[in-house]
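Below you'll find the structure, written out as structure tokens, and then a few comments.
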Amino acid sequence: MRYDLLIKNGTVVDGTGAPRRQADVAIKDGRVAEIGDIKDSAAQVIDADGQIVCPGFVDPHTHYDAQITWDKLLSSSAEHGVTTAVMGNCGVGIAPCRPEARDLLIGDLVNVEGMEKEVLAAGINWQFETFPEYIDAARKNGSGINRAFLAPLAPFRTYVMGSEATERAANADETQAITQLIAEAVQAGAVGFSTTAMLSHIGHGGKPFAARVANREELASYCGVLKRAGRGVIEMALTKQFGRLQDDEYDLLDFMLTHSGRPVTWLSLHNIPDRPNNVQEVLDKAAPLIARGGLPQILTRPLVSDMNLARPFQLGEMKSAKALFNAPAEQQLKIYADPAFRAAFKEELKQGRKWSSKGITVFKVSNPKLKQFEGATIGDIAQNLNKDPDTVFFDMAVEDKLEMKCVVPRANTDRARIAEVLNDNRTLIGLSDAGAHVDMFAEAGYTTYLLGHWVRDKQALTMEAAIQRVTQHPADYFGFKDRGRLTVGAAADVVVFDPATI
Numbered sequence: 174m175r176y177d178l179l180i181k182n183g184t185v186v187d188g189t190g191a192p193r194r195q196a197d198v199a200i201k202d203g204r205v206a207e208i209g210d211i212k213d214s215a216a217q218v219i220d221a222d223g224q225i226v227c228p229g230f231v232d233p234h235t236h237y238d239a240q241i242t243w244d245k246l247l248s249s250s251a252e253h254g255v256t257t258a259v260m261g262n263c264g265v266g267i268a269p270c271r272p273e274a275r276d277l278l279i280g281d282l283v284n285v286e287g288m289e290k291e292v293l294a295a296g297i298n299w300q301f302e303t304f305p306e307y308i309d310a311a312r313k314n315g316s317g318i319n320r321a322f323l324a325p326l327a328p329f330r331t332y333v334m335g336s337e338a339t340e341r342a343a344n345a346d347e348t349q350a351i352t353q354l355i356a357e358a359v360q361a362g363a364v365g366f367s368t369t370a371m372l373s374h375i376g377h378g379g380k381p382f383a384a385r386v387a388n389r390e391e392l393a394s395y396c397g398v399l400k401r402a403g404r405g406v407i408e409m410a411l412t413k414q415f416g417r418l419q420d421d422e423y424d425l426l427d428f429m430l431t432h433s434g435r436p437v438t439w440l441s442l443h444n445i446p447d448r449p450n451n452v453q454e455v456l457d458k459a460a461p462l463i464a465r466g467g468l469p470q471i472l473t474r475p476l477v478s479d480m481n482l483a484r485p486f487q488l489g490e491m492k493s494a495k496a497l498f499n500a501p502a503e504q505q506l507k508i509y510a511d512p513a514f515r516a517a518f519k520e521e522l523k524q525g526r527k528w529s530s531k532g533i534t535v536f537k538v539s540n541p542k543l544k545q546f547e548g549a550t551i552g553d554i555a556q557n558l559n560k561d562p563d564t565v566f567f568d569m570a571v572e573d574k575l576e577m578k579c580v581v582p583r584a585n586t587d588r589a590r591i592a593e594v595l596n597d598n599r600t601l602i603g604l605s606d607a608g609a610h611v612d613m614f615a616e617a618g619y620t621t622y623l624l625g626h627w628v629r630d631k632q633a634l635t636m637e638a639a640i641q642r643v644t645q646h647p648a649d650y651f652g653f654k655d656r657g658r659l660t661v662g663a664a665a666d667v668v669v670f671d672p673a674t675i
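So the sequence shown is residues 174 to 675, counted in our numbering.
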């Protein structure tokens with residue numbers, strides 16, 4: 174038999190934006206061997222009549238760094254057609270790591286990415302210490318989908334500086350050592366590095382996340398690795414307030430683009446209800462940066478999070494909340510009930526912190542006395558009780574012993590305006606956070622939602638354009654030369670789906 178796999182009678186959408194066409198697709202030795210009217214036989218034949226046949230989807234923003242050590246399938250992404258996952262985002266990861274620092278990196282994953290400490294402690298297979306060893310272990314363990322690795326800055330700084338990585342900038346010798354480690358990672362196959370400037374990213378022990386503490390001298394040195402290599406991408410968690418790009422954030426993006434000479438994708442761009450034109454305002458402001466490869470990442474649907482105050486991630490910007498992180502439930506209850514904490518919290522709100530409890534909806538409670546409030550917003554409850562919303566919120570959480578579950582509309586809540594940017598090539602579709610924040614939201618299915626909701630149901634963009642946005646565009650951005658297109662000679666990453674039911 175000439176081919177390993179033959180996909181017959183399908184409608185090929187090749188990822189380039191070209192019009193769809195009826196064609197067969199033949200695969201041999203992991204590569205697309207032929208596209209057209211194919212008469213030869215194959216070991217396996219798939220009849221794709223009525224189906225779309227397209228390149229595998231590329232997810233530019235996942236956090237599977239720990240999970241790949243015990244999970245080869247990464248099914249929450251693979252089931253939605255993702256065949257390439259970029260991990261190591263936001264400066265978070267588990268390599269490089271000295272044995273004595275494992276608990277520190279686990280603490281980072283718990284606080285920044287909402288992962289369970291017990292799962293990480295039991296699940297991570299520490300077959301590595303350096304980042305090249307991490308990549309080699311991943312290769313040996315195998316995977317159901319392709320994985321691309323960004324070098325996350327926090328573990329690199331922790332590897333060189335230990336616990337002081339959360340407290341200060343690196344000195345010249347430390348910066349040189351970290352730079353050398355990043356260079357070795359890139360040489361081993363890392364597709365760039367990642368970092369964060371977001372105040373909400375709190376690391377182990379409630380300390381500032383180690384990547385946040387790096388100063389400009391450090392960042393310039395790390396950017397220089399990519400400039401000398403002439404390849405790679407930087408990913409950065411940047412914006413402190415949804416729907417805005419502040420001047421200092423603009424300057425930092427400009428700095429990173431200039432010193433690396435490489436693309437910098439940043440988080441994130443969402444619409445917000447109090448500023449209807451904010452997305453276009455940000456894109457217009459960032460236009461000079463976007464022209465140099467500084468693309469913001471966007472979601473395909475509203476950013477709505479589950480919330481439980483036992484996991485205070487969404488309070489990460491508040492200095493008054495620092496003691497809540499990694500604290501036992503009994504201590505958290507005392508803090509939330511403490512008038513001193515509440516007074517400090519309110520004082521911070523006057524400084525413009527991005528927090529409002531009014532729009533939070535009470536989803537589920539355990540205390541029977543509070544059942545009457547399920548389905549109501551904190552704002553409405555507070556109005557009926559003639560009390561301050563934050564006071565009501567904290568009172569209810571304490572009375573329910575932190576078991577109260579809420580739903581928080583955070584951004585992108587104007588669905589119609591999401592459609593405006595889906596066709597805009599100045600943005601990068603992704604931001605799934607797949608593998609992380611599973612206690613808050615699950616965005617791993619953004620690809621199928623794009624194709625089902627926005628293409629079929631809303632007709633906000635064509636099938637050809639939508640597939641190009643999640644295949645060729647991210648593949649080209651990250652430099653994946655043989656992926657993102659269904660063409661002869663390309664890697665055989667193929668998705669087959671029914672456009673009527675996806």
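For glycine and all other residues, C-beta sits at the position ideal for the given N, C-alpha and C.
Give me the Cα-Cα distance between Pro328 and Phe486, rounded to the nearest whole angstrom. Reading the sequence shown from its first residue, position 155 is the one you call residue 328. Reading the sequence shown from its first residue, position 313 is the one you call residue 486. Taking the straight line joining both Cα atoms gives about 20 Å.
According to DSSP, is Trp528 part of a helix, a strand, or is it coil? Locating residue 528 in the sequence shown gives position 355, where the first residue counts as 1. Collapsing the DSSP output to three states places Trp528 in coil.
For Tyr176: DSSP bridge partner residues: To locate residue 176, count along the sequence shown from 1; it is residue 3. Answer by DSSP bridge pairing, in chain order: Ala215.
Contact defined as beta carbons within less than 8 Å: I believe Gly264 pairs with Ser367. What is the distance between those atoms, to the nearest angstrom? Residue mapping note: residue 264 aligns to position 91 of the sequence shown, counting from 1. Residue mapping note: residue 367 aligns to position 194 of the sequence shown, counting from 1. Sure, about 5 Å apart at Cβ, within 8 Å.
Checking 7 Å against the spacing of the C-beta atoms, do Ala221 and Gly266 come in under that value? Counted from its first residue, the sequence shown places residue 221 at position 48. Counted from its first residue, the sequence shown places residue 266 at position 93. Ala221 is not a Cβ neighbour of Gly266, given a cutoff of 7 Å.
N- and C-terminal bounds of the beta strand (DSSP E) containing Ala321: Sequence index remark: in the sequence shown, residue 321 carries index 148 (1-based). Counting along the chain, the beta strand (DSSP E) containing Ala321 begins and ends at Asn319 to Phe322.
Would you kindly work out how many angstroms separate the C-alpha atoms of Phe546 and Arg484, rounded to a whole number? For the purposes of this step, residue 546 is identified with residue 373 of the sequence shown, where counting begins at 1. For the purposes of this step, residue 484 is identified with residue 311 of the sequence shown, where counting begins at 1. Between Phe546 and Arg484, the C-alpha separation is close to 21 Å.
Buried or exposed: Ala460, going by 16 or more other Cβ atoms within 10 Å of its Cβ? Translated into positions along the sequence shown, residue 460 becomes position 287. Around the beta-carbon of Ala460, fewer than 16 other beta-carbon atoms lie within 10 Å, marking it exposed.
Can you list, in chain order, the stretches of the alpha helix (DSSP H) that have 4 or more residues and sit fully within the segment 594-637? Whole alpha helix (DSSP H) segments, 4+ residues: 619-622.
I'd like to know if the segment 657-672 and the segment 197-209 are in contact, where contact means that at least 3 CB-CB pairs between them fall below 8 Å. The segment 657-672 is in contact with the segment 197-209.
Every unbroken alpha helix (DSSP H) within the segment 442-474, with a cutoff of 4 residues, ordered by chain: Fully enclosed alpha helix (DSSP H) runs of 4 or longer: 451-458 and 460-463.
Assign Val437 to one of two classes, buried (16 or more other C-beta atoms within 10 Å of its C-beta) or exposed (fewer than that). For this step, residue 437 is matched to residue 264 along the sequence shown. The residue is buried, with at least 16 neighbouring Cβ atoms inside 10 Å.
Would you kindly work out how many angstroms separate the C-alpha atoms of Glu337 and Ala383, rounded to a whole number? In the sequence shown, the residue the question calls residue 337 occupies position 164. In the sequence shown, the residue the question calls residue 383 occupies position 210. Taking the Cα positions, Glu337 is about 9 Å away from Ala383.
I'd like the span of the beta strand (DSSP E) that includes Asp232, first residue to last. Residue numbering aside, residue 232 sits at position 59 when the sequence shown is read from its first letter. Per DSSP, Asp232 belongs to the beta strand (DSSP E) from Phe230 to Asp232.
Secondary structure of Pro381, DSSP reduced to three states: By 1-based counting over the sequence shown, the position of residue 381 is 208. Of the three classes helix, strand and coil, the one that applies to Pro381 here is strand, per DSSP.
According to DSSP, Glu306 sits in a beta bridge with which residue or residues? In the sequence shown, the residue the question calls residue 306 occupies position 133. Beta-bridge pairing links Glu306 to no other residue.
Could you check how far apart the C-beta atoms of Tyr332 and Arg271 are, in whole angstroms? I think they sit under 8 Å. As a first step, residue 332 is located in the sequence shown; it is residue number 159 there, counting from the start. As a first step, residue 271 is located in the sequence shown; it is residue number 98 there, counting from the start. Rounded to whole angstroms, the Cβ separation of Tyr332 and Arg271 is 6 Å, and the two are in contact under 8 Å.
Find out if the Cβ-Cβ distance for the pair Ile279, Val226 is shorter than 7 Å. In the sequence shown, residue 279 corresponds to position 106, counting from 1. In the sequence shown, residue 226 corresponds to position 53, counting from 1. At a Cβ-Cβ threshold of 7 Å, Ile279 and Val226 do not count as neighbours.
Measure the Cβ-Cβ separation of Gly315 and Lys245 and say whether it is below 7 Å. Walking along the sequence shown from the start, residue 315 turns up at place 142. Walking along the sequence shown from the start, residue 245 turns up at place 72. Going by C-beta atoms, Gly315 is nearer than 7 Å to Lys245.
Once DSSP output is grouped into helix, strand and coil, what is the label at Phe579? Here residue 579 is taken as the residue at index 406 of the sequence shown, counted from 1. The displayed chain sequence assigns Cys, not Phe, to residue 579. Here Cys579 sits in strand by DSSP.
Here's the rule I'm using: 16 or more other beta-carbon atoms within 10 Å means buried, otherwise exposed. How should Ala549 be labelled? Here residue 549 is taken as the residue at index 376 of the sequence shown, counted from 1. Result: exposed.
Can you tell me whether DSSP reads Lys181 as helix, strand or coil? In the sequence shown, residue 181 corresponds to position 8, counting from 1. The three-state reading of DSSP puts Lys181 in strand, counting E and B together.
Reduced DSSP category for Val285 - H, G, I as helix; E, B as strand; rest coil: By 1-based counting over the sequence shown, the position of residue 285 is 112. In the structure shown, the three-state DSSP call for Val285 is helix.
Residue nearest to Phe304 in terms of C-alpha spacing, selected from Phe322, Thr235 and Ala258: To locate residue 304, count along the sequence shown from 1; it is residue 131. Answer by Cα proximity: Phe322.
Spatial neighbours of Leu418 within its chain, please: CB distance less than 7 Å, with the 5 preceding and 5 following residues excluded, ordered by chain position. Taking the first residue of the sequence shown as position 1, residue 418 is located at position 245. Cβ neighbours of Leu418 beyond the five flanking positions: Thr412, Val455, Lys458 and Ala459.
Is it buried or exposed, Val444, if we count other Cβ atoms within 10 angstroms and call 16 or more buried? The count along the sequence shown starts at 1 and reaches residue 444 at position 271. Per the sequence shown, residue 444 should be read as Asn rather than Val. So Asn444 ends up on the buried side.
Using a threshold of 7 Å, state whether the C-beta atoms of Ala607 and Ser373 are closer than that. Walking along the sequence shown from the start, residue 607 turns up at place 434. Walking along the sequence shown from the start, residue 373 turns up at place 200. For Ala607 and Ser373, no; Cβs fall outside 7 Å.
Of the residues Met613, Leu482 and Arg599, the one placed nearest Met577, counting alpha carbons only: Residue numbering aside, residue 577 sits at position 404 when the sequence shown is read from its first letter. Looking from the CA of Met577, the closest CA among Met613, Leu482 and Arg599 belongs to Leu482.
Just confirm the distance between the C-beta atoms of Leu601 and Leu468, as a whole number of angstroms; I'd bet it's less than 8 Å. Along the sequence shown, one-based indexing puts residue 601 at 428. Along the sequence shown, one-based indexing puts residue 468 at 295. So it is a contact: roughly 5 Å between Cβ atoms.
Within its chain, find whatever has a CB closer than 6 Å to the CB of Thr473; leave out the 5 residues flanking it on each side and keep chain order. Here residue 473 refers to the residue found at position 300 when the sequence shown is read from its first residue. Here the set comprises Tyr619, Tyr622 and Leu623.
Using the Cβ count rule (16 or more neighbours within 10 Å means buried), how would you classify Glu286? As a working note, residue 286 is residue 113 in the sequence shown. Buried, since its Cβ has 16 or more Cβ neighbours within 10 Å.
Could you give the distance in angstroms between the alpha-carbon of Ser312 and the alpha-carbon of Ile241? As a first step, residue 312 is located in the sequence shown; it is residue number 139 there, counting from the start. As a first step, residue 241 is located in the sequence shown; it is residue number 68 there, counting from the start. Sequence inspection shows Arg at residue 312; the Ser mentioned does not correspond to that position. The alpha-carbon atoms of Arg312 and Ile241 are separated by roughly 10 Å.
CB Ile551 to CB Ser529, shorter than 7 Å? As a working note, residue 551 is residue 378 in the sequence shown. As a working note, residue 529 is residue 356 in the sequence shown. It is not a contact, given that the beta carbons lie outside the stated cut-off.
Is Gln414 helix, strand or coil by DSSP? Here residue 414 corresponds to residue number 241 of the sequence shown, with the count starting at 1. Judged by DSSP in its simplified three-state form, Gln414 adopts coil rather than helix or strand.
CA-to-CA distance, Ala361 to Ala274, given in whole angstroms: The residue labelled residue 274 in the question sits at position 101 within the sequence shown. The residue labelled residue 361 in the question sits at position 188 within the sequence shown. Roughly 23 Å separates the two Cα atoms.
Output the distance between the C-alpha atoms of Val283 and Asp213, rounded to the nearest integer angstrom. Mapped onto the sequence shown, residue 283 falls at position 110. Mapped onto the sequence shown, residue 213 falls at position 40. Going by the C-alpha atoms only, they are around 53 Å apart.
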